[in-house]
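Here the structure comes first, spelled out in structure tokens, and everything after it is commentary.
In our numbering, the protein residues as written are 667 to 853.
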């Protein structure tokens with residue numbers, strides 16, 4: 667009887683140990699599943715442009731002696747855009763709307779409009795090869811004092827440019843946009 671009781675106690679201890687191990691394994695699996703679920707949720711809610719698109723990229727900045735509202739509106743209005751750059755432009759200022767500038771040399775469509783703050787555009791020139799994807803242009807308008815007066819700090823982020831495009835278009839932005847815009851707005 668004593669041997670049977672000792673064997674029963676030993677079996678009970680083994681069973682208890684197995685249950686404890688199983689609980690620990692289940693707890694680890696549950697924790698791992700929760701962590702994986704959090705990572706998946708984070709991936710689903712992460713902004714879409716957290717991965718740098720292919721192609722070349724350039725960033726530029728300019729200070730303009732006009733408010734963000736004035737500069738933003740001028741960028742979207744065809745007549746004002748033409749006046750600030752010195753060339754003809756067209757614009758359908760809505761998401762999906764088309765635009766062109768510099769007599770059609772630049773053309774594309776608006777992808778997102780954040781009034782007085784930001785424009786996102788699909789952008790290309792007539793020099794892009796037919797096989798080149800459209801580039802993306804992100805223009806941000808931030809209030810900034812220029813020579814003690816209200817002005818705008820304009821940030822330009824141009825991505826997905828074809829090979830050699832970053833240096834070429836940086837020169838173009840400086841000469842054909844930033845310089846005439848500064849003069850137009852009174853700088």
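Using N, Cα and C, we set each Cβ at its ideal position, and we do this for glycine too.
The structure presented is a predicted model; accordingly, all values stated were derived computationally and were not measured.
Please name the residue, chosen from 841, 751, 777, that lies closest to residue 767 on a Cα-to-Cα basis. 751
Residue 700 to residue 831 span [Cα, whole Å]: Confidence at residue 700 is low in this model, with a pLDDT of 45, below 50, so the placement of that residue should be treated as unreliable; the coordinate-derived value is given next. Going by the C-alpha atoms only, they are around 45 Å apart.
N- and C-terminal bounds of the beta strand (DSSP E) containing residue 776: 772-780
Residue 790 versus residue 777 - alpha carbon distance: 13 Å
In terms of residue numbering, what span does the alpha helix (DSSP H) encompassing residue 846 cover? 845-850
Distance, Cα to Cα, residue 855 vs residue 794? Beyond the ends of the chain as shown, which are 667 and 853, falls residue 855; an answer cannot be given.
Rounded separation between residue 824 and residue 725 - CA only: 6 Å
How would you call residue 852, buried or exposed, if buried means at least 16 neighbouring beta carbons within 10 angstroms? exposed
Taking the alpha carbon of residue 846 as the point to measure from, which residue in 731, 821, 721, 806 has its own alpha carbon closest? 731
For residue 781, I'd like the list of residues in its chain whose CB is within less than 8 Å of its CB, leaving aside the five on either flank, ordered along the chain. 738
Inside the segment 786-828 only - beta strand (DSSP E) runs reaching at least 3 residues: 801-812, 815-827
On a CA-only basis, which of 797, 821, 796 is nearest residue 803? Give me that one, please. 821
Could you tell me if residue 809 is buried or exposed, where buried requires 16 or more neighbouring beta carbons within 10 angstroms of its beta carbon? exposed
Among 836, 741, 819, whose alpha-carbon lies nearest the alpha-carbon of residue 757? 741
Those residues which DSSP pairs with residue 754 across a bridge: According to DSSP, residue 754 bridges with nothing at all.
Return the CA-CA distance between residue 769 and residue 746, expressed in angstroms with no decimal places. 14 Å
Following the continuous beta strand (DSSP E) through residue 729, name the residue where it begins and the one where it ends. 722-730
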